[in-house]
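Using the numbering used here, you'd call the opening residue of the sequence shown number 421 and step up by one each time.
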Amino acid sequence: MDGKDGKVLIVDDEKLMRISLESQLKKEGYHVKSVDNALDGLKMVKSEEYDVVVTDLRLSGMNGMDFLKEIKKYDQEIIVVIMTAYGTLESAVLAIKEGAYDYVAKPFSTDELIIKLQRALHFKNTAAEVNRLRGEIQAEFEFCNIVGNSEAMKKVLETVVSVSGREATILIRGESGTGKEKIAGAIHYHSCRKMGPFIRVSCAALNREILESELFGHEKGAFTGAIKTRRGRFELANGGSIFLDDVDDIPLDMQVKLLRVLQERTFERVGGEETLSVDVRIICATKKDLLERVKEGGFREDLFYRLNVVPISIPPLRERKEDIPLLINYFLKKFVSQYEDALPDVSQEAMNVLLAYDWPGNVRELENVVEHAVAFSKSKGISLETLPEYLRKVDVHKDLLSMDLYNKQAISLQDALTEVEKKLIQWAHQKTNGNQVKMAEILGIPRTTLRNRLVKLQLFDKSSS
Numbered sequence: 421m422d423g424k425d426g427k428v429l430i431v432d433d434e435k436l437m438r439i440s441l442e443s444q445l446k447k448e449g450y451h452v453k454s455v456d457n458a459l460d461g462l463k464m465v466k467s468e469e470y471d472v473v474v475t476d477l478r479l480s481g482m483n484g485m486d487f488l489k490e491i492k493k494y495d496q497e498i499i500v501v502i503m504t505a506y507g508t509l510e511s512a513v514l515a516i517k518e519g520a521y522d523y524v525a526k527p528f529s530t531d532e533l534i535i536k537l538q539r540a541l542h543f544k545n546t547a548a549e550v551n552r553l554r555g556e557i558q559a560e561f562e563f564c565n566i567v568g569n570s571e572a573m574k575k576v577l578e579t580v581v582s583v584s585g586r587e588a589t590i591l592i593r594g595e596s597g598t599g600k601e602k603i604a605g606a607i608h609y610h611s612c613r614k615m616g617p618f619i620r621v622s623c624a625a626l627n628r629e630i631l632e633s634e635l636f637g638h639e640k641g642a643f644t645g646a647i648k649t650r651r652g653r654f655e656l657a658n659g660g661s662i663f664l665d666d667v668d669d670i671p672l673d674m675q676v677k678l679l680r681v682l683q684e685r686t687f688e689r690v691g692g693e694e695t696l697s698v699d700v701r702i703i704c705a706t707k708k709d710l711l712e713r714v715k716e717g718g719f720r721e722d723l724f725y726r727l728n729v730v731p732i733s734i735p736p737l738r739e740r741k742e743d744i745p746l747l748i749n750y751f752l753k754k755f756v757s758q759y760e761d762a763l764p765d766v767s768q769e770a771m772n773v774l775l776a777y778d779w780p781g782n783v784r785e786l787e788n789v790v791e792h793a794v795a796f797s798k799s800k801g802i803s804l805e806t807l808p809e810y811l812r813k814v815d816v817h818k819d820l821l822s823m824d825l826y827n828k829q830a831i832s833l834q835d836a837l838t839e840v841e842k843k844l845i846q847w848a849h850q851k852t853n854g855n856q857v858k859m860a861e862i863l864g865i866p867r868t869t870l871r872n873r874l875v876k877l878q879l880f881d882k883s884s885s
């Protein structure tokens, strides 16, 4: 935003000063209005939108300090620049503590004020962009973006909602592509730390030397190439949360430092002697069985128990295939909006393949497949031909869930879910010879829920055991 875009309100009871500033700022391209007292200034702020308010500290009716407080009560985003005499610089400093952006000491040149205004407008633009990006990131981690109606995913979401408002350390376990980072982000952005940073670290992507410096920072000269002091991710996450993905890849000797952070919230930078304190919530994720790693000697037992305060296990997509139609619908809406197309139908043939496939890459792979299909659909719908070539070779008849799943070419989401549920129950019935206790165990639901679903879906004899 330059002078031609900036809207400025001047509040000063010195008429010559007010008129002079208004005239000169208008010549520079600013949109300027002025008043001679704080009460009128407050009315102007409430009736119009201003980027910057330039006000004297000594005003009639209401002093400049109270005026500043009232402005900030009304709108925290308005930039306030204080004009003050040399003898009242202490008041200007106090005003900055109360929320003023800057001050100019009288007498001052117009050029000096213009420089302050340019900086103020740049600051406001930057802050607005940061808030916009923060909003986009936060929207990505809303609970509604954790998609799934299966019992397993309902349990995951219930746990996430429950622990978000608490400070407990979280350990998320799940295969690659299951959405561990999305779960971690949802926990952070629904916690009391949501206005603080959410710092992500992939422990598997960095070698030992770089990882230690990345996590804890380093002092100048700590090693070859350390030409200046650098803050680590724990310092950057202060006041917020840090997400350590693939935490099992942290070397054993470095696990001691992580354990200390968990216990004491303190550490030293690499090559440093000063003990630093941090206020940070730690959320970790792993693809592996950490308890098994403990038994193998690759992970510290004390660290495991410190991390495993609240365990969250995300099931692979192949174990919750009833969620696939929901996920497809979710990704279709996401990618279709990018292409500004209508929501395409998914053919029976394509859906059968998507349900039959085992998805080793889990939800991430499904998202990529849907994006690929949308890009090639040309608004004609998702068909077998729009899927990646490797999926067209999937044998749909090997999977009970995919057989005769739909009776029509387009998806009805509710019908799809009902049919998938029927096929899952039929599969469990076949696998257990109709033993409802074992069926409920396999499906991960209470037996009473199973019996209710059998009645509703009119499957088998509800009284069979």
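Note that the Cβ used here is the ideal one computed from N, Cα and C, for glycine as well.
Expected contact under 8 angstroms - CB spacing of residue i and residue j to nearest Å
i    : j    : result
G519 : L488 : 6 angstroms
E639 : V690 : 7 angstroms
Q444 : T530 : 5 angstroms
S584 : I607 : 5 angstroms
I734 : K574 : Wrong, their Cβ atoms sit about 12 angstroms apart, outside the cutoff.
S511 : M485 : 7 angstroms
L682 : I702 : 6 angstroms
Pairwise C-alpha distance: residue j and residue i
i    : j    : result
V676 : F687 : 10 angstroms
R620 : E769 : 40 angstroms
D460 : D476 : 14 angstroms
L696 : A642 : 17 angstroms
K602 : Y609 : 10 angstroms
I439 : K446 : 11 angstroms
N658 : R873 : 48 angstroms
L727 : M615 : 24 angstroms
E684 : L537 : 45 angstroms
R867 : W847 : 16 angstroms
L825 : E739 : Below a pLDDT of 50, predicted positions are generally treated as unreliable, and L825, at 44, falls in that range; the measurement from the model is reported next regardless. Distance between the alpha carbons of L825 and E739: 18 angstroms.
V581 : W779 : 27 angstroms
V840 : L746 : 11 angstroms
I592 : V783 : 16 angstroms
F528 : H542 : 21 angstroms
R628 : P671 : 7 angstroms
K858 : E562 : 36 angstroms
K798 : L786 : 19 angstroms
F663 : I534 : 43 angstroms
D669 : I862 : 33 angstroms
T706 : A548 : 36 angstroms
L462 : V698 : 41 angstroms
L577 : G568 : 9 angstroms
Buried versus exposed call for residue i [16 or more other C-beta atoms within 10 Å across all chains shown]
i    : result
M503 : buried
M771 : buried
Y470 : buried
I430 : buried
S480 : exposed
I744 : buried
L821 : Note that L821 scores 49 on pLDDT, short of 50, meaning its location in the model is unreliable and no value can be drawn from it.
V875 : exposed
N827 : Here N827 scores only 40 on pLDDT, less than 50, and its place in the model should not be relied on; the value that follows carries that caveat. With fewer than 16 Cβ atoms within 10 Å of its Cβ, N827 is classed as exposed.
L711 : exposed
E595 : buried
R613 : buried
L436 : exposed
I499 : buried
I630 : exposed
E468 : exposed
R720 : buried
Distance CB(residue i)-CB(residue j) smaller than 8 angstroms
i    : j    : result
V455 : M464 : yes
L723 : L774 : no
R886 : Q850 : In this structure the chain extends from 421 to 885, so residue 886 is not present and cannot be described.
L811 : I845 : no
A505 : K526 : yes
H451 : K466 : no
E634 : G645 : no
E490 : I865 : no
F618 : G637 : no
D665 : C623 : yes
G801 : P764 : yes
V790 : F755 : yes
S803 : S757 : no
T579 : P736 : no
V501 : I590 : no
K842 : L877 : yes
Residue i Cβ short of 7 angstroms to the ligand ADP heavy atom set
i    : result
R650 : The model on display carries no ligand, and the ligand ADP is accordingly not part of it.
- Item | Minimum length 4: unbroken alpha helix (DSSP H) runs contained in the segment 679-722 | 710-716
- Task: Could I get the ranges of all uninterrupted alpha helix (DSSP H) runs contained in the segment 731-774, with 4 residues as the minimum, in chain order?
- Result: 744-759
- Secondary structure, beta strand (DSSP E): runs of 3+ residues fully inside the segment 490-518: For the segment 490-518, the continuous beta strand (DSSP E) assignments of 3+ residues that do not extend past its boundaries occur at 499-505, in sequence order.
- Would you list, in sequence order, the uninterrupted alpha helix (DSSP H) runs of no fewer than 4 residues that lie entirely inside the segment 589-637? 600-609 and 628-636
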